[in-house]
Structures are given as structure tokens and as C-alpha cells.
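Residue numbers (our numbering): 27 to 198.
Note that beta-carbon positions come from the ideal geometry of N, C-alpha and C, so glycine has one too.
The structure presented is a predicted model; accordingly, all values stated were derived computationally and were not measured.
What follows is one structure encoded as C-alpha cells, with my remarks underneath.
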Amino acid sequence: PRDLEQAVKIAEEENPAEEETAGPDPSAVYAAKLAEFKQIPLALNQLRADFKIATPDQVDEIREKWAALIARGDVPISELVETGKQAFVAAPNKDARLTEFLLKCVSNAIKQDDYAVAADVSLAMLESGFEDEVVLEAAGVAAFVLNDFDNAENYLNAALAKGVLGDTGKNY
């Protein structure tokens, strides 16, 4: 959280007029959240190394730190997706890595039957003018599963018309 707060503060200092009207830059918030998330595997690797040379009285403390880091890693994924979505909406198609990340999130959400996330991210991307086979198909499948049949039909037909409807979408 401190890393996120620092990044937001830096973004606000660099753009003080923007702070008054729109709050912190979504791209800066996403970048800070991504940096925070990337620190978790590094810390886990350090704990693994520490565990190998730990004395018996240090083992429990290392295990507690490990469990805390694992739990901390579960929360940022959803936060990272949300801040990434907000950054994309603020500046659609400006960051290829962000776009790729969101496409992967949508694809994974469909594979994991997490249709609410798939719908949320894919609809935000579509509303920002981004139409891709993954996004159209995911929006259609998610809408269908979430009982939004009119939108499901619209998105799946749009994918079909563009010739990008995949096997998953054809099942709906």
C-alpha cells in the first residue's frame, strides 16, 4: 500500500490541476499497483532463500511471512485488473502491454468461469472503442451466462460478422 500511495502522490504532484478535477491519473495508479504486485514474487523468493538457512526458531516466523505474502498476492490481482481497466478507459489503446494484460484477464476469466469479471472488463474495453475477437466473444459468452441474452446475441453476432467468433462463442 505504501508504494501505491507514493506513486499516486507523485502523479498528483506532477499534475496538480488534474488532481482537482479528475483525481489521480489512472495510468499512474495502475503502474503503482503493478509495481506492488511484482514485489510479491521477489519477497517470496527471498523468504525461500531465508528458509534454507533458517535456524529452527526462525522457521515459524518465515512461514507466517510466507502465508501473509500469499494472502497479500490474492487481493492485488483483482485490484490490478480494476486499476488496469480504469487506465485503459482513460486512455484506450495507448499502452500495448496494458491491452495485452486485459485481454489475458478476459480470456482467463472465461476459462475460470468468472463471468462477472469477463463481462466487466470486456464491456469496459468495448465501450472504449476496442473490438477484438477475445473481447467480443468474451462479452457475448459472459452476457449469455449472466442471463443478458439481448447483449449476448449482439456481441456474438458482431464477432460472427467480423469472422472472429471462436469455438467457445459458437457454443452459445
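- Query: How would you call ILE136, buried or exposed, if buried means at least 16 neighbouring beta carbons within 10 angstroms?
  - Reply: With 16 or more Cβ atoms within 10 Å of its Cβ, ILE136 is classed as buried.
- Message: Taking only three categories from DSSP, how would you classify GLU62?
- Response: helix
- Spatially closest choice to TRP92 from ASP76, VAL107, ASP83, PRO82, by CA coordinates: ASP76
- Message: Just to confirm before moving on: does the CB-CB distance between GLY166 and TYR141 stay below 8 Å?
- Response: No, these two residues do not count as a Cβ contact at 8 Å.
- When DSSP labels each residue in this structure, what does VAL81 get in the three-state scheme? The amino acid occupying residue 81 in the given sequence is Thr; Val does not appear at that position. Looking at THR81 - three-state DSSP - the assignment turns out to be coil, as it is neither helix nor strand.
- Decide if the region 111-129 is in contact with the region 79-95; the criterion is three or more beta carbon pairs, one per stretch, under 8 Å apart. no
- How should LYS196 be labelled, buried or exposed, when 16 other C-beta atoms within 10 angstroms of its C-beta is the threshold for buried? exposed
- Task: Please list, in chain order, all residues of the same chain as LEU128 whose beta carbon is under 8 Å from its beta carbon, the five residues on each side excluded.
- Result: VAL107, GLY110, LYS111, PHE114, VAL147, MET151
- Message: So, at 6 Å on beta carbons, what are the nonlocal neighbours of ALA168 in its own chain, with the 5 sequence-adjacent residues on each side left out?
- Response: TYR141, ALA144, ALA145
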